[in-house]
């Protein structure tokens, strides 16, 4: 039987065709984001558009948490801590950076103008700083598992919250002059939050006053997160993550460096959470406060992943969308919202321990297949 | 015939208990050897020492002439030592095919970036992994179950899948921990044929732990007998069968049965 | 020799900031440590028999504090008008109520998952925790308004050492916590029930083969742990008075620190929980009053991470290795 390297050589890797095939989902993602921005945003009005933004950000967070909780099976309940790290890091860039560049923290330039580019840079930077934090939090996962790891991640989130709370007041533009970025990096607004951030993620359609294409940016990142998570899941690296979750000892015995895999999962999840935090921080109507991104937020994201199915990307997407919409649809039951979530969590664990979809994607579930079969049969019938 | 796996004077204690004492072994390429002994003799502990799950207190393990003790199990597996588990350890929630593909992944070079960008090399490697994994499943006779969840397989097929998965790492040496435990006699005959086929087809050195004496005596060229962590005999099957120390270990002193039973696994 | 460092540090603290501040800090830290100990014991007992972290334990503690307030106000004891037997009565009531609550949680939520993977149990526990927090916040239950606990204990200083007034509340907290811990210690190590608990903790299967009713032991463990948490809740309410809504982060944080204490001491180990709780109390309060009050939570988690990385089984715990 031929070895894998012999086969790989025989399969003649290369060609423009395969490069295009690899790139088309990203192109499709950009197109979808543009369409959502230019068609959906004006059509549904600012309130619904804000919901669309919220859902997008929730998807980024749930899918990223799914990488570490669902794929790698390392239970993290401090995801909001990574959001916080990314959000604040990005906020420093856009707020103080804007002041230094243009003298005011207001959004600057038109679509994909200098302001938007600064914002995108801030998102990536926020992700990178969060990834660094993910590396630090990932290290204990090498020695701890299950409940212990959960507590450490929780502790991390709390420490981040405390650190953000005791930061100094945000500086007004006139006070920034003459200070380096490093000097202002502790002026994050303390417990009251980092106010006055430019809202690059706004629900408004094109070309209005602050016409920065929020939906476009959010869904561009949603597309990148979804493509990355899905490709990861189907790759050897992704299977290595799942193997660690399923049986760590066997995974190690099959040549999988479980330590590295676990830390990598934390880093990747933290990166996307950091980007999500950056989006959240710059979303119109939000204030970046330590309280907002505390334990409760982490739990919200955990609920999305658990209900959607540990390891199911589409499940996380559906759960993120549903759990974001629900409180808006049932405003009069606001008091009962968390009670219902709590009961749902308990019941799902007792009745369907693997989550609603388990590891499967929506289209792999038997229910979906049955429905599709019925539709196909229905069409064939005259 | 060159030596692919060697153990020299391996010893390990748990607390005050000597689990394995001065264990030595030499396996040439495409050797088929057996490791037997009563319950609690320390057989699985030897496997754990060879594969790096435990670190020996003394002694060394050489794979292809290079020392591997002190390395992580994953490094040892990558160096060409694969194993199965007595208490089956499959990736239960994954499909049968994915169990094998996961193990085959160790022979790919594409990292995270290539996987996310789906570069040509990555795509070729994934196809190679899938092809080879399917062929392995075919060889083990469980290809028709490739889409099923590993945990839903019948017991015998789970053991086969463990072997397929171990082979997917392209090993030079395969350690089988009780490959026919819990199988009926026709399954055992099949497995015996299979082990011999594998060894020929992959030019594999195989070391197996087994309680089924018939199987061991039948197919192994060399047998090592452990009792209470000590090697009490080693040699050809015929010599082992008539060795008085072995007979006593298995049949003798009944009070021995109750001791050290629990440390077997 | 090992004590050399800490002793020198203590000496320095006393010389630099004076003895009164040191003594006051010490009293505060031991009082806080005793509270943590009462909660930590619940975590450690449940972990001992079921090997899982009862995430909802901190909420039972919060419910204990709120119930204390409810009972006290229901009896009409506002301010200082409560009778001498008021505090013991409230103590018994909340302990009984929370024991019942703990048992209900165990039977309804955890028992169906006895054989499930640990992750599922952990998630269920988070669910129970959220449930308690948010039911507690309903306007028909405790509501979302912060409340002030009526002082069931006279607010006066019992005696004075080196100009430091030792308050009756602090003495009550420490003495009561100590009494409950000693009762637990006696129960675990001197009674049949305690022996059964230790047997279940050692090996559930073997214990049930030996004729021990495992379910009953688990139920009683939850009852005891929850009752201790309730006592902690009452003492917390007496000492700190301000009660925030049940989903407030302060409760989670208190529970978390108690849990940290249990882990630091070696989870599953009764004496370890007490030792860990005192350590955490001392580190937190001394850190807060001598270094920076804002960072008190950070000190605790730093200790946790250090202990887990150096000796994951805790100070008094013993290591277990997984079978391969």
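Protein chains in written order, with my numbering: chain A, 1 to 382; chain B, 1001 to 1265; chain C, 2001 to 2324. Glycine included, C-beta positions come from ideal geometry on N, C-alpha and C.
query	result
Where does the unbroken beta strand (DSSP E) through residue 2178(C) begin, and where does it stop?	It is not in any beta strand (DSSP E) - residue 2178(C) instead sits in the alpha helix (DSSP H) that spans 2168-2190.
Would you call the CB atoms of residue 2253(C) and residue 2091(C) closer than 8 Å?	no
In terms of alpha-carbon separation, which member of 2170(C), 2133(C) and 2034(C) lies closest to residue 2182(C)?	2034(C)
Between residue 101(A) and the rest of its own chain, which residues show a CB-CB distance below 8 Å, the 5 nearest in sequence each way excluded?	108, 114 and 118
If you compare alpha carbons, which of 161(A), 93(A) and 68(A) is closest to residue 294(A)?	161(A)
At 4 residues or longer, what runs of the alpha helix (DSSP H) sit wholly inside the region 212-290 of chain A?	214-234, 236-246, 248-253 and 258-281
Could you say which of 213(A), 245(A), 292(A) and 265(A) lies nearest to residue 88(A) if we only look at CA atoms?	292(A)
Within 8 Å, do at least three Cβ pairs link the region 1120-1132 of chain B to the region 277-284 of chain A?	no
Look at the alpha carbon of residue 133(A) and the alpha carbon of residue 139(A), and state the distance between them as a whole number of angstroms.	10 Å
So, at 8 Å on beta carbons, what are the nonlocal neighbours of residue 8(A) in its own chain, with the 5 sequence-adjacent residues on each side left out?	none
Compare the C-beta of residue 148(A) with all C-beta atoms of chain C and state if any pair is closer than 8 Å.	yes
In whole angstroms, what separates the C-alpha of residue 2312(C) from that of residue 2266(C)?	8 Å
Once you ignore the five residues that flank residue 2146(C) on each side, which residues in its own chain have a CB closer than 8 Å to its CB?	2242, 2243, 2244 and 2245
Nearest by alpha-carbon distance to residue 1007(B): which of 1026(B), 1081(B) and 1064(B) is it?	1026(B)
Got a sec: is the Cβ-Cβ distance from residue 1205(B) to anything in chain A below 8 Å?	no
Roughly how many whole angstroms lie between the Cα atoms of residue 226(A) and residue 243(A)?	21 Å
8 Å is my cut-off, CB to CB: does residue 2127(C) come that close to chain A?	yes
Run down chain B in chain order and give the residues with a C-beta less than 8 Å from the C-beta of residue 236(A).	1101, 1102, 1104, 1105, 1108, 1110, 1115, 1125, 1126 and 1129
Within 8 Å of any Cβ in chain C, is that where the Cβ of residue 328(A) sits?	no
Would you verify that the beta carbon of residue 162(A) is, or is not, closer than 8 Å to some beta carbon of chain C?	yes
Is the beta carbon of residue 2274(C) less than 8 Å from the beta carbon of residue 2037(C)?	yes
If you follow the beta strand (DSSP E) that residue 1230(B) is part of, which residue opens it and which one closes it?	1230-1235
Is there contact between the region 312-323 of chain A and the region 370-378 of chain A, where contact requires at least three CB pairs shorter than 8 Å?	no
When the cut-off is 8 Å and only beta carbons count, does residue 2044(C) lie next to chain A?	no
Could you tell me the boundaries of the beta strand (DSSP E) in which residue 1125(B) lies?	No beta strand (DSSP E) holds residue 1125(B); the alpha helix (DSSP H) holding it covers 1120-1140.
Using a cut-off of 7 Å between C-beta atoms, extract the partners of residue 1085(B) located in chain E.	In summary, chain E is missing from the structure at hand, where the protein chains are A, B and C.
Would you grab the beta carbon distance between residue 2125(C) and residue 2054(C) for me? Rounded to a whole angstrom, and I think it's under 8 Å.	6 Å
Compute the Euclidean distance between the alpha carbons of residue 2151(C) and residue 2085(C), then round it to the nearest angstrom.	13 Å
Check whether chain B comes within 8 Å of residue 389(A), counting only Cβ atoms and requiring the distance to be less than that.	Summary: the structure shown does not reach residue 389(A), with chain A confined to residues 1 through 382, and so no result is reported for it.
In terms of DSSP beta bridges, what is residue 1018(B) paired with?	1013(B)
What are the boundary residues of the beta strand (DSSP E) that includes residue 2343(C)?	Look at the range of chain C in this structure, 2001 to 2324, and you will see that residue 2343(C) is not part of it.
Quick one: residues in its chain with C-beta nearer than 7 Å to the C-beta of residue 286(A), no 5 flanking neighbours on either side, listed in chain order?	280
From residue 1097(B) to residue 350(A), what does the alpha carbon distance come to, in whole angstroms?	29 Å
First and last residue of the alpha helix (DSSP H) that includes residue 299(A)?	295-308
Looking at the structure shown, is residue 1260(B) part of a helix, part of a strand, or coil, going by DSSP?	Unreliable positioning characterises residue 1260(B) in this predicted model, as indicated by a pLDDT of 42, which lies under 50. A coordinate reading is not provided.
Answer with buried or exposed for residue 2306(C), where buried requires no fewer than 16 other C-beta atoms within 10 angstroms of its C-beta.	exposed
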